[in-house]
Every structure is written in structure tokens, then in C-alpha cells.
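Student: The structure that follows is given in the form of C-alpha cells.
Residue numbers (mature numbering (1 follows the signal peptide of the UniProt record, and there is no 0)): -18 to -1, 1 to 164.
So this is what it looks like as C-alpha cells:
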């Protein structure tokens, strides 16, 4: 059932992108959709940190409906890829504020990140929001998430998944813009 939901969402997204790309009257995103290249730039430009994207995003496509979920409380965070050195309190304050280069956590973050982007896209479409961030709108990213999810449910993917989980997942801070959804 879950795979069917994801496949349906991906199909709708692909169709929406094709229709949108073929619409020559589509307005260009406003100039204020660039956050910059540092957390300080992002704050100055009115951007918001979205933990599930590990990214600063402009106000125009900021997703405020994250509920009570706190990825920083739910998952362990580390300074090394072997997950041997947990971040201290000061480092976690910086991570929570979106002020870091990269950190490491378990691969559960990747799964939750993919589900988050699909949920964000579905809600944006349902509410007919005009814009989403560039990662959420990226069809290649959505296909990547679908492939990884498919491997989780296939028996033959278990070895590959086990291999992936021997190292931590590198989570790099990014800066996304906005794109028109419709």
C-alpha cells in the first residue's frame, strides 16, 4: 500500500512538472528566493531552517507544518562517519539552529527525509501552494527516494541496506531556492 501511495504521488508530481514546464506563461520565481551561502546570509535574507531538508529555504516555500516531530531529539548525531563521537550540547545547539557544515547520523534520517519531502509535496499540491523548495520539486531526488524505499521492501535489497548501515549518513547543510509548483 505504501509503495502504491509513493508511486501515485510520483506520477502526479511528474505530470504536474511536465504540464508546468510546457506552460510558457508560467511566471518566474521572485528574486527573494535565494538564501545565500551561509547561515548568516540565510537569516539576513529571511530564510528558515528546515531540519528534515538540512537546508535553509526562503519564506516563499517554507514548510511550517512539521508537527511535534523533532529529528534532533529522535536520532543520535555525531561528528564522525563511524558514529563514535556524539555531538556535545554546544554542537547540538548549532545543529538545531542550522549552523553547521555537515554532521552524521543513522540512515533512519534518510528514510524520514524522503518521507518528509513526499509529504511536503502532497500537502503543497493539496493546498495548491504556488511554490515548493527545489529539493522537494526535484524529480531525480524523488526517484532516488523511491529506489531506496523499493530496496527496503525487496528481500534482495537487504544485503545492500545492511552494507549502507555500517557507516553513518553524512548530512550536509544546504541552501535551496523555490520553484513554482503550478
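Note that the Cβ used here is the ideal one computed from N, Cα and C, for glycine as well. All values derive from a computational prediction rather than experimental measurement.
Taking just the CA atoms, how far does residue 86 sit from residue 108?
Tutor: Spanning the two alpha carbons is a distance of roughly 33 Å.
Student: When the distance is taken between beta carbons, is residue 36 closer than 8 Å to residue 155?
Tutor: Contact flag set, yes.
Student: Taking DSSP as the reference, what is the three-state secondary structure of residue 109?
Tutor: Three-state result, residue 109: coil.
Student: So is residue 31 buried or exposed if we call it buried at 16+ other beta carbons inside 10 Å?
Tutor: Burial call: buried.
Student: Identify whether residue 21 lies in helix, strand or coil by the three-state DSSP scheme.
Tutor: Three-state result, residue 21: helix.
Student: Have a look at residue 54 and residue 78 and give me their C-alpha separation to the nearest angstrom.
Tutor: Whole-angstrom Cα-Cα distance: 7 Å.
Student: Roughly how far, in whole angstroms, is the beta-carbon of residue 34 from the beta-carbon of residue 94, given that I think they are within contact range, below 8 Å?
Tutor: Residue 34 to residue 94, Cβ: 7 Å. Contact.
Student: Check this for me: beta carbons of residue 104 and residue 161, under 8 Å apart or not?
Tutor: Contact flag unset, no.
Student: Measuring only the C-alpha atoms, how far is residue -6 from residue 98?
Tutor: Annotation note: pLDDT 38 at residue -6 (below 50); position unreliable, no value reported.
Student: Going by DSSP, what residues sit across from residue 152 in a beta bridge?
Tutor: Per DSSP, 86.
Student: If you check the beta carbons only, do residue 38 and residue 157 fall under 8 Å apart?
Tutor: Yes, Cβ-Cβ distance for residue 38 and residue 157 is below 8 Å.
Student: Can you tell me whether residue 115 is buried or exposed? The criterion is at least 16 other CB atoms within 10 Å of its CB, across all chains shown.
Tutor: By the neighbour-count rule (16 or more Cβ atoms within 10 Å), residue 115 is buried.
Student: Pick helix, strand or coil for residue 67, following the three-state DSSP scheme.
Tutor: Reduced to three states, the DSSP call for residue 67 is coil.
Student: Can you find the residues in the same chain that come closer than 7 Å, C-beta to C-beta, to residue 62, ignoring five residues on each side of it along the sequence?
Tutor: Cβ within range, chain order: 86.
Student: In this structure, how does DSSP classify residue 44 when only helix, strand and coil are distinguished?
Tutor: It is coil, neither helix nor strand.
Student: Can you tell me where the beta strand (DSSP E) with residue 31 in it begins and where it stops?
Tutor: Here the beta strand (DSSP E) through residue 31 covers 30 to 32.
Student: Are there 16 or more other CB atoms within 10 angstroms of the CB of residue 80, so buried, or fewer, so exposed?
Tutor: Under this definition residue 80 is a buried residue.
Student: Have a look at residue 90 and residue 58 and give me their C-alpha separation to the nearest angstrom.
Tutor: Cα to Cα, the separation comes out at about 10 Å.
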